[in-house]
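Student:
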Amino acid sequence: MQFFLASFLLLPFLLVCIVESLLKHFIPKKRKSVTGEIVLITGAGHGIGRQTAYEFAKLKCKLVLWDINKHGLEETATECKRLGAKAHTFVVDCSNREDIYSSAKKVKAEVGDVSILVNNAGVVYTSDLFATQDPQIEKTFEVNILAHFWTTKAFLPEMMKNNHGHIVTVASAAGHTGVPFLLAYCSSKFAAVGFHKALTEELSALERTGVKTTCLCPNFINTGFIKNPSTRLPRWLGGKESTCQCRRHRFHL
Numbered sequence: 003m004q005f006f007l008a009s010f011l012l013l014p015f016l017l018v019c020i021v022e023s024l025l026k027h028f029i030p031k032k033r034k035s036v037t038g039e040i041v042l043i044t045g046a047g048h049g050i051g052r053q054t055a056y057e058f059a060k061l062k063c064k065l066v067l068w069d070i071n072k073h074g075l076e077e078t079a080t081e082c083k084r085l086g087a088k089a090h091t092f093v094v095d096c097s098n099r100e101d102i103y104s105s106a107k108k109v110k111a112e113v114g115d116v117s118i119l120v121n122n123a124g125v126v127y128t129s130d131l132f133a134t135q136d137p138q139i140e141k142t143f144e145v146n147i148l149a150h151f152w153t154t155k156a157f158l159p160e161m162m163k164n165n166h167g168h169i170v171t172v173a174s175a176a177g178h179t180g181v182p183f184l185l186a187y188c189s190s191k192f193a194a195v196g197f198h199k200a201l202t203e204e205l206s207a208l209e210r211t212g213v214k215t216t217c218l219c220p221n222f223i224n225t226g227f228i229k230n231p232s233t234r235l236p237r238w239l240g241g242k243e244s245t246c247q248c249r250r251h252r253f254h255l
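Residue numbers (this note's numbering): 3 to 255.
(1) Assuming contact is defined by CB atoms lying nearer than 7 Å, are L67 and T91 in contact in what I supplied?
(2) Report the rounded CA-to-CA distance for L184 versus A194, giving the unit in angstroms.
(3) Among the candidates G196, F6, G38, F132, whose CA atom is the shortest distance from the CA of C219?
(4) According to DSSP, what are the bridge partners of I118?
(5) Any beta carbon of chain B sitting closer than 7 Å to that of K32?
(6) Which residues bound the beta strand (DSSP E) around C217?
(7) For G167, does the count of other Cβ atoms within 10 angstroms reach 16, so buried, or fall short, so exposed?
(8) Reducing DSSP to helix, strand and coil, say where V93 ends up.
(9) Can you round the beta-carbon distance between L85 and Y56 to whole angstroms, since I take them to be within the 8 Å contact cut?
(10) Could you check which residue in G45, L7, H150, T154 has the C-alpha nearest to that of I70?
(11) Quick one, which of T179, H48, T153 has its alpha-carbon nearest A106's?
(12) With burial defined as no fewer than 16 other Cβ atoms inside 10 Å of the residue's Cβ, what is the status of H178: buried or exposed?
(13) Per DSSP, L24 is paired with what?
(14) Going by beta-carbon coordinates alone, are G124 and N146 separated by less than 7 Å?
(15) Alpha carbon to alpha carbon, how far is S35 from E100?
(16) Output the boundary residues of the alpha helix (DSSP H) element that contains T107.
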């Protein structure tokens with residue numbers, strides 16, 4: 003009975019999505035040109051950050067790549083250059099506010115003013131609340147949300163001055179639902195979603211309509227942090243569970 007009720011409630015939403023998709027298919031929205039923009043991507047040494055860098059490289063952007071992993075950064079930069087883009091690498095610890103601020107000054111001096119900021123860097127520790135060490139909880143929040151504040155404070159002023167720019171917040175589906183054994187991670191991603199929403203409203207209130215915002219909430223992706231991800235329908239859609247092999251733990255939504 004619960005399944006049929008949930009399915010019935012889902013139908014209007016699905017119909018709206020279908021109509022919207024059809025309209026966009028036949029009347030496509032003009033795509034934003036990013037050619038020549040200076041794009042800074044945190045966590046660009048692997049995973050989503052690396053793939054994002056490749057896509058921007060194809061669009062002939064000038065890339066600024068941040069990561070704590072020098073080897074991973076160099077690999078990303080090499081491929082971006084092969085794709086025809088200029089790529090500048092900076093080894094940055096996104097859990098360290100002063101490192102972020104000092105690196106931001108170097109970027110402005112050596113490359114220029116960033117016009118697209120992709121806050122992608124993230125960490126995850128998979129264990130129950132009591133097994134998660136206090137420094138691990140602190141590190142999760144330092145990288146997954148506090149770094150967003152420091153990078154945005156560093157690069158947003160010039161965007162606002164020019165009324166041109168884009169702040170991209172890479173959050174997670176875990177920013178909308180709680181997951182056992184990912185308590186700190188989910189909490190930090192909920193905060194990232196809230197950061198995006200509040201920043202969007204603040205820019206609107208300040209009438210900086212030329213500075214855009216985007217929040218990405220991907221599901222589990224096998225980037226090396228989450229191992230062998232797989233999902234099923236959650237309970238509110240009539241399913242029984244969602245599961246994922248996450249290092250040592252198997253958890254259910």
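Think of the CB as a built atom: it goes at the ideal place given N, C-alpha and C, for glycine as much as any other residue. From a predicted model like this one, the values you see are computed outputs, not experimental measurements.
Tutor: Taking the structure as given:
(1) Start at 1 with the first residue of the sequence shown, and residue 67 comes out as number 65. Start at 1 with the first residue of the sequence shown, and residue 91 comes out as number 89. Yes, Cβ-Cβ distance for L67 and T91 is below 7 Å.
(2) The count along the sequence shown starts at 1 and reaches residue 184 at position 182. The count along the sequence shown starts at 1 and reaches residue 194 at position 192. Roughly 15 Å separates the two Cα atoms.
(3) The sequence position of residue 219 within the sequence shown is 217, counting from 1. Cα-wise, what sits closest to C219 is G196.
(4) Looking up residue 118 in the sequence shown gives position 116. I118 is bridged to V41, H168.
(5) Among the protein chains of the structure shown there is no chain B, as only one such chain exists.
(6) As a working note, residue 217 is residue 215 in the sequence shown. That run of the beta strand (DSSP E) goes 213-218.
(7) Reading the sequence shown from its first residue, position 165 is the one you call residue 167. Buried.
(8) Numbered from 1 along the sequence shown, position 91 holds the residue referred to as residue 93. Looking at V93 - three-state DSSP - the assignment turns out to be strand.
(9) In the sequence shown, residue 85 corresponds to position 83, counting from 1. In the sequence shown, residue 56 corresponds to position 54, counting from 1. Right, their Cβ atoms sit about 7 Å apart.
(10) Locating residue 70 in the sequence shown gives position 68, counting from the first residue. With distances taken between Cα atoms, I70 lies closest to G45.
(11) Mapped onto the sequence shown, residue 106 falls at position 104. The shortest C-alpha separation from A106 is found at T153.
(12) As a first step, residue 178 is located in the sequence shown; it is residue number 176 there, counting from the start. Its Cβ having fewer than 16 others within 10 Å, H178 is exposed.
(13) Mapped onto the sequence shown, residue 24 falls at position 22. According to DSSP, L24 bridges with nothing at all.
(14) Here residue 124 refers to the residue found at position 122 of the sequence shown. Here residue 146 refers to the residue found at position 144 of the sequence shown. Going by C-beta atoms, G124 is nearer than 7 Å to N146.
(15) By one-based count along the sequence shown, residue 35 stands at place 33. By one-based count along the sequence shown, residue 100 stands at place 98. Approximately 33 Å, taken between the alpha carbons.
(16) Counted from its first residue, the sequence shown places residue 107 at position 105. The sequence given here has Lys at residue 107, not Thr. Run containing K107: 99-112, per the alpha helix (DSSP H) assignment.
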